[in-house]
Amino acid sequence: MAMHMTRIQGLLPSSFLLPRLLAGGRGGPSSRLIGASHFASLSSPRPIPSSHFKFSPLFAGALSLGFAGAFSLLNDAEAKERPSPELVPHNVVLYQYEACPFCNKVKAFLDYHDIAYKVVEVNPLSKKQIKWSDYKKVPILTVDGEPLVGSSDIVDHLRKRIHPNTPVLEDYADSEEKKWCRWVDDHLVHVLSPNIYRSTSEALESFDYITEHSNFTSTERWTVKYAGAAAMYLVSKRLKKRHNITDERAALYEAAETWVEALNGRDFLGGSKPNSADLAVFGVLRPIRYLRSGRDMIENTCIGEWYMRMELVVGESARIKV
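Residue numbers are given in UniProt numbering: position 295 of the sequence shown equals residue 295, and the series is strictly consecutive.
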């Protein structure tokens, strides 16, 4: 406990500390702190400048939830339906780019359902880690050696496997859940790259984060960071034009507010618990939570409270550290 509190005090000013929320169980949100500012959490892999700590919408959201609401969310998190042991996939490996929205959509599903998985970071230039595959995009998920591709198809496959008696989304073509899952793939993801790589400095920031989370050699890291950032900066401009985006940030803010409006006052689109659309939106937004675009989104929209609730119920990553 003393070590835990020392760590917290090193991250947050004392005036912004909230009492620790207690919950048990692996993968539960017990180690999450309702804190202040811009998606910052105890899982942050880098020091967070003190200049970022201000009375942000995310912190205001924590206060507005109140302790009763927070404990209610934690109780719901502990009650979420994890797969029966006999249905849990084993030997799950995700081939990914750390900052890829589609890869993070898959990770959000795995984390929420507490499905343990290993990660292989793919070099975006050489792609040598997936030379064995005819499919040259990520994510690729192997389950007991069987490769699955395409984020939505991967999630659908996993959902059918762990909930074999639950109707699939395709059975509800006009459902609200399916509508917003499609919105994630058809709209939300397309405003992210133009924001993540909006300027050369933001592109470098993103690739700095990517290379920090890889096991590339020092030469590979340097090459990926600078060549990758340059390439994605140019790609983002083409994507901006292709999707008729005039102002990148305005498009991001509009998408965030569109999602908040869809919630219509509910904690989650799924009601008291997240559904597939909640997990998809949360997943694709996770790559920007440490980046300038994510901080700007939180400061300029009302999505922070929902995002904080999602962090609480999704809990810690189910990723296996190797």
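Each residue gets a CB set at the ideal place from its N, CA and C atoms; glycine is no exception.
Computed from a prediction, not measured in an experiment: that's the story for all the values here.
- Boundaries of the beta strand (DSSP E) harbouring T142: 140-143, taken from the DSSP string.
- When secondary structure is reduced to three states using DSSP, F216 falls in the coil class, being assigned neither helix nor strand.
- Apart from sequence neighbours up to five positions away, the residues of its chain that approach V119 with a beta-carbon distance below 7 Å are L94, Q96, R319, ordered along the chain.
- Across the structure, V314 and A251 are spaced so that their CA atoms are roughly 27 Å apart.
- Annotated as proximal: V184 and A277, with beta-carbon spacing under 9 Å.
- Excluding five sequence positions before and after A108, the CB atoms of its chain that fall closer than 6 Å to its own CB belong to L279, F282, G283, given in chain order.
- G228 sits in a helix when the DSSP states are folded into three classes.
- Under the three-state reduction of DSSP, V88 is assigned to coil, being neither helix nor strand.
- Judged by DSSP in its simplified three-state form, L158 adopts helix.
- Under a 10 Å Cβ-count criterion, L234 is classified as exposed, with fewer than 16 other Cβ atoms of the shown protein chains found around its own Cβ.
- Under the three-state reduction of DSSP output, L269 falls in the coil class, being neither helix nor strand.
- The straight-line gap separating the alpha-carbon atoms of S218 and P274 is approximately 40 Å.
- DSSP places Y233 within a helical segment (H, G or I) once states are collapsed to three.
- Look at Y95 here: in three-state DSSP terms it is strand.
- Judged by beta-carbon spacing, L239 lies beyond the 9 Å limit of S293, meaning their Cβ atoms are not closer than that value.
- A direct Cα-Cα distance of roughly 21 Å separates L263 from S152.
- Judged by DSSP secondary structure, P194 falls within the alpha helix (DSSP H) whose first and last residues are 189-196.
- Per the C-alpha coordinates, the member of R289, V122, S126 positioned closest to N215 is V122.
- The DSSP-derived three-state label of V120 is strand.
- The stretch 81-93 makes contact with the stretch 137-151; the number of CB pairs closer than 8 Å reaches 3 or more.
- Cβ-Cβ distances below 7 Å link T223 to L125 in the same chain, with the five nearest sequence neighbours on each side left out; the list follows chain order.
- For V313, the enclosing alpha helix (DSSP H) begins and ends at 304-314.
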